[in-house]
Ligand SMILES: Nc1nc2c(ncn2[C@@H]2O[C@H](COP(=O)(O)OP(=O)(O)OP(=O)(O)O)[C@@H](O)[C@H]2O)c(=O)[nH]1
Ligand SMILES: [Mg+2]
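Numbering (the numbering used here), first residue to last: -4 to 339.
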């Protein structure tokens, strides 16, 4: 099965520095030439490069070893050994590098395009450096410094503006597909969505990235359903959109249940700006249920929508735009994109 890869580990090594050279000048008619051993080259670095066309860490599961080239030895005539080539590890935007043992974050690549992680070893000095008046023929040169070897944990957190949370079947994927030209699978059974999907639409000159994640059920924070592992994908969104299905028997308690599950996973998720969306307004019982919901949650602004009739969509897009901070988002290149300004 094609999986959404969101964590893995890789083995990295920067290059060793090249050995300095022990060499003596050889010239015709000069019986004892002086030392002329050149320096070793520097070992290559290990560099993370953020590639906007990557969406997953799948490629790091098939290739786990990344070793930069060693520096070459110095040679006679004070010739410097060639520096080892760097090695680059391509990663998608939203990648985080963690210590494999402690789980501590070593680097969050959110605002980087290129980051040197392990520097290659320095080359050793050739014997030319070690000549002194007393020791005119040093038979010694420095060895190169060894490179570093590290295994790291690599994790991907999608960076979206707005994350969708809701019970299975609430209509999250349908909404993503309606607003963007993403193609997230929609079906009338729970847990249709098994991996997160991103989509983007433009409104008022602002690209807005939406993240659709698998449904959350009561007990998700304890691992029920598809569990909570996908919640980390919405941990960096600015806004959470709660989708409540007006045709679901649990429509009066769903909001509370969702908030509790999020809180159990990470309390700071509840501090995010939120938008309350009531879905499936086209169904017969929905309008009545919407009134019940409005009475229950008087302090919430509720956005009723239907993907079948398009009801409420312009208001919802405007609300998304209004709640977002003004700066334009960075848009990954291959996120489905559609221009969906209001139709007037
Ligand atoms: N009548 C009606 N049905 C809808 C609407 N939006 C979604 N549905 C239906 O509800 C069912 C679930 O929709 P999805 O978009 O797959 O729901 P989801 O929240 O992504 O579900 P999971 O991926 O399982 O968490 C599908 O049969 C949709 O056709 C709507 O506005 N009106
Ligand atoms: Mg879905």
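For every residue, glycine included, the Cβ atom is placed at its ideal position computed from N, Cα and C. Being a predicted model, the structure only gives us computed values, none of them experimental.
Annotation note: the stretch 252 to 294 contains the following uninterrupted alpha helix (DSSP H) runs of length 4 or greater, listed N- to C-terminal: 281 to 291. Put simply, the residues with a CB less than 6 Å from any heavy atom of ligand 1 are 161, 163, 164, 165, 166, 167, 168, 169, 181, 182, 183, 185, 186, 187, 188, 209, 210, 274, 275, 277, 278, 301, 302 and 303, in chain order. For the pair residue 17 and residue 109, the CB atoms are not nearer than the 7 Å cut-off. Membership of residue 201 in any alpha helix (DSSP H) is not indicated; the residue belongs instead to the beta strand (DSSP E) covering 201 to 207.
Following the DSSP letters along the chain, one finds residue 3 inside the beta strand (DSSP E) bounded by residues 2 to 8. Per DSSP, reduced to three states, the secondary structure at residue 60 is strand. Annotated three-state conformation of residue 82 is strand, per DSSP. Rounded to the nearest whole angstrom, the C-alpha separation of residue 261 and residue 52 is 24 Å. Taken through DSSP and simplified to helix, strand or coil, residue 72 comes out as coil. When C-alpha distances from residue 146 are compared across 6, 310 and 248, the shortest belongs to 6. Between residue 235 and residue 302 the beta-carbon gap is near 19 Å, outside 8 Å, which marks them as no contact. In this structure, residue 121 places its C-beta atom within 7 Å of the C-beta atom of residue 69. Under the three-state reduction of DSSP, residue 117 is assigned to coil, being neither helix nor strand. Boundaries of the alpha helix (DSSP H) harbouring residue 310: 308 to 318, taken from the DSSP string. Its chain contains 233, 234, 235 and 318 as the residues whose beta carbon lies nearer than 8 Å to that of residue 268, once the 5 sequence neighbours on both sides are disregarded; these appear in chain order. Secondary structure in the stretch 30 to 59: the alpha helix (DSSP H) runs of 4 residues or longer, each lying completely within the stretch, are 54 to 57 in chain order. As computed with DSSP, residue 93 is found in a beta bridge with 100 and 148. Per DSSP, the unbroken alpha helix (DSSP H) holding residue 171 starts and ends at 167 to 174. Using a C-beta cut-off of 8 Å, the stretch 139 to 156 makes contact with the stretch 85 to 101, since at least three inter-stretch Cβ pairs fall below that distance. When the Cα atoms are used, residue 139 and residue 38 turn out to be separated by approximately 9 Å.
The C-alpha of residue 97 lies about 34 Å from the C-alpha of residue 194. Between residue 19 and residue 143, the alpha-carbon positions lie close to 32 Å from each other. With 16 or more other CB atoms across the displayed protein chains lying within 10 angstroms of its CB, residue 114 is buried. In the DSSP assignment, residue 239 falls within the unbroken beta strand (DSSP E) covering 234 to 240. Boundaries for residue 184: no beta strand (DSSP E) harbours it, and the DSSP string shows neither H nor E there. Residue pairing by DSSP puts residue 19 in a beta bridge opposite 30.
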